[in-house]
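Chains as they are written, first to last, in the numbering used here: chain A, 2 to 302; chain B, -4 to 644. Heads up, the thing below is written out as structure tokens.
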Amino acid sequence: MTKNLTHLQRLEAEAIHIFREVAATFSNPVMLYSIGKDSSVMLHLAMKAFYPAKPPFPFLHVDSTFKFKEMIAFRDSEAERLGFGLLVHSNQEGIDQGINPFDHGSNTHTHIMKTVALRQALDKYGFDAAFGGARRDEEKSRAKERIFSFRNAQHSWDPKNQRPEMWKIYNTRVAKGESIRVFPISNWTELDVWQYIMQEDIPIVPLYFAAKRPVVERDGMLVMRDDERMKLMPGEVLQDRMVRFRTLGCYPLTGAVESDAATLPEIVSEMLVSRTSERQGRMIDKDEAGSMEKKKREGYF
Amino acid sequence: MSKAQAEVNSIQTTAAEEISAYMAEQEKKSLLRFLTCGSVDDGKSTLIGRLLYDTKLIFEDQLAALTNDSRKHGTNGEDIDFALLVDGLEAEREQGITIDVAYRFFSTPKRKFIVADTPGHEQYTRNMATGASTADLAIVLVDARQGILRQTRRHSFIASLLGIRNIVLAVNKIDLVDYSKEVFDRIVADYQEFASRLGFNTIQAIPLSARFGDNVIGPSANLAWYKGPALLQHLEEVPLDGANSERPFRFPVQFVNRPNLDFRGFAGTIASGTVAPGDEVVVAKSGKSSRVKRIVDWDGDLERAGEGQAVTIVLEDEVEVSRGNMLVSPDARPEVADQFAAHLVWFAEHALIPGRSYILRTETDQVTATVTDLKYRIDINSFAEVAAKSLDLNEVGVCNISTQEPIAFDSYKSNRSTGSFILIDRLTNATVGAGMIDFALRRASNVHWQALDVDKASRAAQKDQKPAVLWFTGLSGSGKSTVANLVEKRLSSIGKHTYILDGDNVRHGLNRDLGFTEEDRVENIRRVGEVAKLMVDAGLIVLVSFISPFITERRMVRELLADGEFLEVFVDTPFEECARRDPKGLYAKALRGDIKNFTGVDSPYEPPENPELHLRTVGRTAEELASEVEKLLIENGIIFNYDQSSWSI
Chain A
2 MTKNLTHLQR LEAEAIHIFR EVAATFSNPV MLYSIGKDSS VMLHLAMKAF
52 YPAKPPFPFL HVDSTFKFKE MIAFRDSEAE RLGFGLLVHS NQEGIDQGIN
102 PFDHGSNTHT HIMKTVALRQ ALDKYGFDAA FGGARRDEEK SRAKERIFSF
152 RNAQHSWDPK NQRPEMWKIY NTRVAKGESI RVFPISNWTE LDVWQYIMQE
202 DIPIVPLYFA AKRPVVERDG MLVMRDDERM KLMPGEVLQD RMVRFRTLGC
252 YPLTGAVESD AATLPEIVSE MLVSRTSERQ GRMIDKDEAG SMEKKKREGY
302 F
Chain B
-4 MSKAQAEVNS IQTTAAEEIS AYMAEQEKKS LLRFLTCGSV DDGKSTLIGR
46 LLYDTKLIFE DQLAALTNDS RKHGTNGEDI DFALLVDGLE AEREQGITID
96 VAYRFFSTPK RKFIVADTPG HEQYTRNMAT GASTADLAIV LVDARQGILR
146 QTRRHSFIAS LLGIRNIVLA VNKIDLVDYS KEVFDRIVAD YQEFASRLGF
196 NTIQAIPLSA RFGDNVIGPS ANLAWYKGPA LLQHLEEVPL DGANSERPFR
246 FPVQFVNRPN LDFRGFAGTI ASGTVAPGDE VVVAKSGKSS RVKRIVDWDG
296 DLERAGEGQA VTIVLEDEVE VSRGNMLVSP DARPEVADQF AAHLVWFAEH
346 ALIPGRSYIL RTETDQVTAT VTDLKYRIDI NSFAEVAAKS LDLNEVGVCN
396 ISTQEPIAFD SYKSNRSTGS FILIDRLTNA TVGAGMIDFA LRRASNVHWQ
446 ALDVDKASRA AQKDQKPAVL WFTGLSGSGK STVANLVEKR LSSIGKHTYI
496 LDGDNVRHGL NRDLGFTEED RVENIRRVGE VAKLMVDAGL IVLVSFISPF
546 ITERRMVREL LADGEFLEVF VDTPFEECAR RDPKGLYAKA LRGDIKNFTG
596 VDSPYEPPEN PELHLRTVGR TAEELASEVE KLLIENGIIF NYDQSSWSI
């Protein structure tokens, strides 16, 4: 325990330690880069952990082909700015079958274009460790997950049989085909993430800031129509409204919130008085009870 | 209105530009990591749910889901069941129990908190230990109706073992005993009686009702007789042990950062003390010394760094340092030894067995290790020291550990980071135990190997052979000894120097004191392995004919020897065939139950995964099999310059 380190300094040191531990003990690690604010923080931490060297692993984006256009543009500009190795993978079979969230529903779309796509990419490159930006404060089953979370050769998680995780001693041993998901910012809260973004001046996708955007109300969510693939249903009206996003994912599955918060301090201020959790805007968590845990057992991040 | 609510409301009226000031305030908050523990149904999860709810950290959508879940799985009728907030796994909600540790986060105007909610069931003790290993304080819950239970004692003991010095004794469900002061006082007296031996600095006892919120975030009218702090007040005010910059500098090297020939930095997290450019540091294992040239950081070099910081250090000189080593202060060095005494908590279904080899991992180092001596087990109830041959799941013991190479460490009491380790099973890679080092055993440095002028190579050259161990493994009656005898005869006939170690013969003498339990089988193989190693050192070709049923022990012997010296021969005869041959009549007895722990009957045989030679015996003569072994010896250069066809016996 350190009285001279602030709360954020402690969290930062813990995350950097975890990044280095993986680089030192795995033969083929990868960072899953999902372009959201947590990924931005992870990227920043990875740059710090290995400075003056670059992170000694590639960054993988699993592209469901339904991400916001601004996300893709941001991803490419960050890769260029920081010079990290970027891999992009999409499930080609899913694309060929025309899988989309409108016709097939969020469950099927997420399963095929995210879960299966991720498994394909991990198998293709043979990664033995994959960093993710999940936080324990996000969701009930994530609160239970270890920082080094073991996956069997089928990429599935056995929540009832997790390895004990004592002190800062991480068991990084895996057999052939098995892998470990690593969550360096497990102990960060949403507020910590925003505070760190402000403190370190970390670039994030502009969608987090309020602006006039074309949205429709659908299933109780404000959905932004990011391209022509989204057809309007009878009775639906496209409106330009001041909205922003608290989390980012596939645009048809990510609800916007009405907001005037156009700067970081305004976002933090809005968050402090918010009465809903950030995952509320995510359709995939709500499909059924325990749905996140189920997706994780199947290999979703 | 709660403090947190007041905080939130005040934010609402704050202009956005003042947020930065608010953020700066947040920065100054200290962090307290604590865990909740205690027996099943004492209300741990309910208490955390209540803390989150009362500090307004439950969001509306979570509350809606909770109300839904409470109707479906809840145990409180129509009321909200707060436990469902933290029991995040489906299996947990269905069974109404906590299986694994859950981490929760909340803050008040004074502090930030990370809470580990740990399971009460004995079978999940390892998950409780996981939560305790990073905590500064433990809330031990007791059901006022039940008083101190077995798990109360167990969890208090483990918390103490893992170095937690501050305890809150939360006497919960006080509403169900009519808020009785007598009940509370009796429980507190009971607790203090046994906890006095556990070395806690503070024990704050608080009567409360997690379900109704009495004494959780504020005082309760129902408990007017209680004059102490409410739980949250105590958590906000309990003093934390800050970093002590007086402690000696310890820097376990995690990663060598070498992007190019001009830069070589050692990355790691400072375990204790502080460091600045110009400071002299010593490499713990080699004793080589150098000075700190730079402390490199993304935002520019640092003038000083201290405990808890993750930094990259560049030294003045090119000294040999790799992961697992430590940079330390020259005048207060850690122990460097290959034998030490430690407390051990066992996590695996499969018992700890002295003599078996495990992987030992410290924060950055990794070596092969064996428990050489299990001194005693600690009875969780009476804290008595009990003699034991093995440690079962969730048991705690004190033992001596021997590592293949020396490691650098401190005692756990003086440093939680450099005094701890875990043990990993070599086959499954499961984390099977956690250890806290007590002290180094001096034997390692006192028993120096006698440096001899006549060495293994010269002894082998004199005999014109390359020494090796031929390790025959297989079921009883599979033909190991028959084949080994034939091979030895042939080797002897061409002038080779050999010796056979046979399971039965060794058990008549050297291993007379050993039986057939798993522990004794492990020790049996360890001794034979060491004897074989000495014989190889003497230049002999050693033929070992032992059932040796466990992969782990065979691997241990392989690692005792140099590369290429251990040749594993799997004598593969099906169980039915061995039982049919039954040369010693043992299978008949074992199948009748007259012999216990008989391999293949009621004790397992683990076949080799990659033996140097796999001998399938069915339908082959002993001579044919012996010839295959000879071929193996020729291929491996153990015997040379001989024409196999000319051999005849």
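Idealized CB from N, CA, C, for every residue including glycine.
Limits of the alpha helix (DSSP H) - the one that residue i falls within
i                      : result
residue 10 of chain A  : 8 to 26
residue 451 of chain B : 451 to 457
residue 110 of chain A : 102 to 111
residue 147 of chain B : 145 to 156
residue 234 of chain A : Residue 234 of chain A -> no alpha helix (DSSP H), and no H or E assigned at all.
residue 590 of chain B : Premise fails: residue 590 of chain B is in no alpha helix (DSSP H) and is neither H nor E.
residue 563 of chain B : Residue 563 of chain B -> not in any alpha helix (DSSP H); beta strand (DSSP E) instead, spanning 561 to 567.
Residue i versus the options, residue with shortest Cα-Cα distance
i                      : options                    : result
residue 37 of chain A  : A/224, A/195, A/273        : A/195
residue 96 of chain A  : A/263, A/118, A/53, A/6    : A/118
residue 10 of chain A  : A/262, A/21, A/149, A/189  : A/189
residue 315 of chain B : B/276, B/340, B/632        : B/276
residue 221 of chain A : A/214, A/230, A/237        : A/237
residue 145 of chain A : B/146, B/125, B/136        : B/125
residue 24 of chain B  : B/407, B/479, B/202, B/105 : B/105
residue 207 of chain B : B/421, B/48, B/273, B/624  : B/48
residue 298 of chain B : B/340, B/271, B/285, B/383 : B/271
residue 253 of chain B : A/230, A/210, A/57         : A/57
residue 229 of chain B : B/129, B/478, B/103        : B/103
residue 479 of chain B : B/542, B/455, B/428        : B/542
residue 22 of chain A  : B/450, B/413, B/569, B/251 : B/251
Same chain, Cβ closer than 7 Å to residue i, five either side skipped, listed in chain order
i                      : result
residue 348 of chain B : 385, 513, 514, 517
residue 281 of chain A : Reliability of the predicted coordinates at residue 281 of chain A is poor, the pLDDT of 49 falling under 50, and the value obtained from them is presented with this limitation in mind. Cβ neighbours of residue 281 of chain A beyond the five flanking positions: none.
residue 646 of chain B : The requested residue 646 of chain B is not part of the displayed model; chain B covers only -4 to 644.
residue 323 of chain A : Within the shown structure, residues of chain A are numbered from 2 to 302, placing residue 323 of chain A beyond reach of any answer.
residue 198 of chain B : 162, 164, 187, 190
residue 15 of chain B  : none
residue 174 of chain B : 217, 218
Which residues DSSP lists as bridging residue i, in chain order
i                      : result
residue 497 of chain B : B/540
residue 402 of chain B : B/332
residue 26 of chain B  : B/107
residue 257 of chain A : A/223
residue 245 of chain A : A/258
residue 90 of chain A  : A/63
residue 166 of chain B : B/137, B/202
residue 32 of chain B  : B/135
residue 32 of chain A  : A/60, A/132
Distance between beta carbons of residue j and residue i, contact taken as under 8 Å
i                      : j                      : result
residue 249 of chain B : residue 269 of chain B : So it is not a contact: roughly 18 Å between Cβ atoms.
residue 309 of chain B : residue 283 of chain B : Their Cβ separation, rounded to whole angstroms, is 16 Å, which puts residue 309 of chain B and residue 283 of chain B out of contact at 8 Å.
residue 114 of chain A : residue 40 of chain A  : Not quite, the Cβ-Cβ distance comes to about 18 Å (not below 8 Å), so this is no contact.
residue 182 of chain B : residue 335 of chain B : Their Cβ separation, rounded to whole angstroms, is 39 Å, which puts residue 182 of chain B and residue 335 of chain B out of contact at 8 Å.
residue 44 of chain A  : residue 79 of chain A  : 7 Å
The beta strand (DSSP E) enclosing residue i, as first and last residue numbers
i                      : result
residue 429 of chain B : 426 to 435
residue 353 of chain B : 352 to 356
residue 363 of chain B : 361 to 373
residue 322 of chain B : 321 to 323
residue 152 of chain A : 149 to 152
residue 285 of chain B : 284 to 291
residue 69 of chain A  : It is not in any beta strand (DSSP E) - residue 69 of chain A carries neither H nor E in the DSSP assignment.
residue 98 of chain B  : 97 to 102
residue 48 of chain A  : Per DSSP, residue 48 of chain A belongs to no beta strand (DSSP E); it is in the alpha helix (DSSP H), 38 to 51.
Close Cβ partners of residue i (< 6 Å) along its chain, the five nearest in sequence each way excluded
i                      : result
residue 574 of chain B : 582
residue 566 of chain B : 467, 469, 473, 474, 475, 610
residue 319 of chain B : 359, 360
residue 608 of chain B : 564, 627
residue 227 of chain B : 212
residue 132 of chain B : 29, 161
residue 322 of chain B : 246, 276
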